[in-house]
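Mapping of the sequence shown onto UniProt numbering: residues 1 to 486, in sequence order.
Beta carbons: idealized from backbone N, C-alpha and C, even for Gly.
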Amino acid sequence: MLYTSQGDSESAVTSSELPIPSYPTRSLNFLKALPRTGGSAKASCEINNLSPSSLALNVLVVGAGLGGLAVGIALARKGHAVTIFEQAPQMGEVGAGIQVPSNVSRLLLRWGLGPLLDGKVVEPKDISFRRWKNGNVIGYTNLVPHFHDTFGAPYYVVHRAHLHESMQRLARELGVRILTASKVMNYDMDGPSLTLQDGSTFGGDLIVAADGINSVSRKTILDGVDRVPLRTGFAAYRATVGVEKIREDPAVSWILEKPGMNVWIGEMRHVMTYTIAGGNSFNMVLSHPEEEDPETWDQGKALESMKDHFKGWDPALLKLIAMIEKTMKWPLMTGAPIEKWVAPTGKLLMLGDAAHAMLPYMSQGAAMAVEDAAGLAEAISMIGSKSQLQIALNVFETIRVKRANQMQEASLINGKLWHFADGPEQEARDIAMRPEVEGLHFDESPNQWSDPVTQDWCYGYDAEEAMAKAMSSALAKASLPASVND
Ligand SMILES: Cc1cc2nc3c(=O)[nH]c(=O)nc-3n(C[C@H](O)[C@H](O)[C@H](O)COP(=O)(O)OP(=O)(O)OC[C@H]3O[C@@H](n4cnc5c(N)ncnc54)[C@H](O)[C@@H]3O)c2cc1C
């Protein structure tokens, strides 16, 4: 187990110890040489024909973040009636850029989101991993054409507001009702029903809570004992810079020459950059150690403290940082792996950050929420009667818990791989990534975007296909006489 308490959580993330990965990867093989411690086929993202569920359920969804909207879209496509309750008075999404990796673009494009994202997404050609001190390229991942050709789906970056707005439009077009200013206060997991702050109560066949990291549903689902996500000892500054400013400065204008992602990695810190808004805005996420309680933070000092954190880094990066006019600091939280997402009654479940908050170091948090939604819709649309709902939810839970918990783990490991202090591990990592930089053949890499085994596990995954396969075998098993199953 990686975490048992807050103290353990922080040390698990910030200590230099690396857990043994439970997910398929060769990204840590390079460490074996140190004296110290001694498949997926190409999947389609073509818009697929709707195959409506033979059983139309009335589903209540709590939260209209990216996870809740994905649930709305995925279920409505299958013919279920969906109402989403959002506590905020208006729809919206905070923060700037978000990566939409191939495992999730595949689903979104299949669901028909493509035209709504036109002109908004950017498809970076590659990712360059840079040495913190001088910007030298030490790791490299080709996205176009490699990801496209291998995984059959693009790797996008986009402004969160654009993604959220497009998903909201698609959900409404599919008939999803979205009620804002509707804060859910209580759940009756037997009904099931939920009660809003104004006292009104709504009932349905199933409640899906996508209520985020501060979820209220989680405690109900976990029989009154909450598993609150914990501080990790890291925080991130998020900011955008106008591309005109960058274009005017020859010392940094090179970064806009092609759509690409550039990540500077160093001891306990990294800076992720890419353009969003169709290429019109430059997004930066600056991760750094932060022990103080977010309650005590003074956001007014964020700009100044951000600059202090990166003193001595690559002069080109510092030029970009100097162009930032305002920033916000975000706590980076992670949940301990949770095995139970479905309430004992089988009528209430949680997904997204409520169930599996993770460090953003694999850029897969929202991606997992969308995969959860896809898996749920697939599972409950393969049953023919409400009496089989429990089977569908059991399969959903088994498949999604494993996948999301492994991604939590991969995110944690990625932080360690990126944050080595200069020394033997950093040198071994950089040597192990050299073939990909030099365009040579390689079978493994500490760069989890390039390592062929991690890549296939992470980006080759088709959440609908995986769930359909698991459901087919569970339903086949359930239809056998009891004596055969014993
Ligand atoms: C710095 C940073 C960078 C990241 N980058 C990426 C990335 O590149 N790619 C990626 O895939 N992920 C990324 N993530 C993770 C991603 O942002 C989250 O995993 C994702 O947004 C979670 O979506 P969600 O819908 O589960 O939760 P949320 O977005 O938190 O949505 C929950 C919604 O529920 C509503 N709500 C809560 N309680 C109630 C209630 N009682 N009643 C009604 N409504 C309620 C909230 O108002 C909110 O709208 C990043 C995260 C961070 C911090």
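Where does the unbroken beta strand (DSSP E) through residue 150 begin, and where does it stop? Counting along the chain, residue 150 falls outside any beta strand (DSSP E), though it belongs to the alpha helix (DSSP H) covering 146-151.
Using the three-state DSSP reduction, which class does residue 17 fall into: helix, strand or coil? coil
In the DSSP assignment, find the unbroken alpha helix (DSSP H) run with residue 320 in it and report its ends. 315-322
Distance, Cα to Cα, residue 261 vs residue 193? 45 Å
Would you mind reading off the limits of the beta strand (DSSP E) that contains residue 142? 137-142
By how many angstroms is the C-alpha of residue 21 removed from the C-alpha of residue 410? 7 Å
Please check the pair residue 390 and residue 346, which I expect to be a contact at CB under 8 Å, by giving their CB distance rounded to whole angstroms. 5 Å
Starting from residue 214, trace the alpha helix (DSSP H) in both directions and tell me its first and last residue. Premise fails: residue 214 is in no alpha helix (DSSP H) and is neither H nor E.
Cutting at 7 Å between CB atoms, please list the residues of its own chain near residue 428, excluding the five before and the five after it. 30, 31, 33 and 34
Mapping DSSP to helix, strand and coil, what is residue 331? strand
What residue from 420, 367 and 396 has the CA that sits closest to residue 377's CA? 396
Skipping 5 residues on each side, what residues in its chain have a beta carbon closer than 6 Å to that of residue 340? none
Cβ shell of residue 454 (< 8 Å), same chain only, five flanking positions each side left out: 23, 24, 25, 26, 27, 410 and 448
Residue range of the alpha helix (DSSP H) that includes residue 353: 353-356
Does residue 191 come out as helix, strand or coil in the three-state DSSP assignment? coil
Give me the Cβ distance between residue 333 and residue 230, rounded to the nearest whole Å; I'm assuming they're in contact under 8 Å. 6 Å
Grouping DSSP H, G and I as helix and E and B as strand, with all else coil, what is residue 209? strand
List the whole-angstrom C-beta distance separating residue 160 from residue 98, where the pair is believed to meet the contact cut-off of C-beta under 8 Å. 5 Å
So, for residue 442: in the same chain, excluding its five sequence neighbours on each side, which residues have a beta-carbon less than 6 Å away from its beta-carbon? 435 and 436
Roughly how many angstroms separate the alpha carbons of residue 37 and residue 445, rounded to a whole number? The predicted position of residue 37 is uncertain, since its pLDDT is 45 and thus under 50; no value can be drawn from it.
How is residue 134 classed by DSSP in three states: helix, strand or coil? coil
Kindly indicate which three-state DSSP category residue 264 falls into: helix, strand or coil? strand
State the Cα-Cα distance for the pair residue 381 and residue 56, rounded to the nearest angstrom. 8 Å
Comparing alpha-carbon positions, which option in 71, 88 and 89 lies nearest residue 82? 71
Reducing DSSP to helix, strand and coil, say where residue 242 ends up. strand
Grab the span of the alpha helix (DSSP H) containing residue 99 for me, first residue to last. Careful: residue 99 lies outside any alpha helix (DSSP H), inside the beta strand (DSSP E) at 97-100.
Report buried or exposed for residue 472, applying the criterion of at least 16 other Cβ atoms within 10 angstroms of its Cβ. exposed
For residue 358, which residues from the same chain have a beta carbon less than 6 Å from its beta carbon, with the 5 sequence-adjacent residues on both sides left out? 334, 365, 408 and 411
For a test of the three-state rule: what should DSSP assign to residue 382, helix, strand or coil? coil
To the nearest angstrom, how far is it from the Cα of residue 102 to the Cα of residue 184? 33 Å
Quick one: grab the DSSP three-state call for residue 30. helix
Endpoints, beta strand (DSSP E) assigned at residue 83: 81-85
Residue 399 lies in the beta strand (DSSP E); which residues open and close that run? Segment 389-418 is the alpha helix (DSSP H) holding residue 399; no beta strand (DSSP E) there.
Would you mind giving the Cβ-Cβ distance between residue 170 and residue 66, rounded to the nearest angstrom? I have them listed as a contact below 8 Å. Rounded, the Cβ-Cβ distance is 12 Å, inconsistent with contact.
Please confirm whether residue 243 and residue 256 have their CB atoms less than 8 Å apart. yes
Judging by CA-CA distance, which residue of 286, 206 and 122 is the nearest neighbour of residue 236? 286
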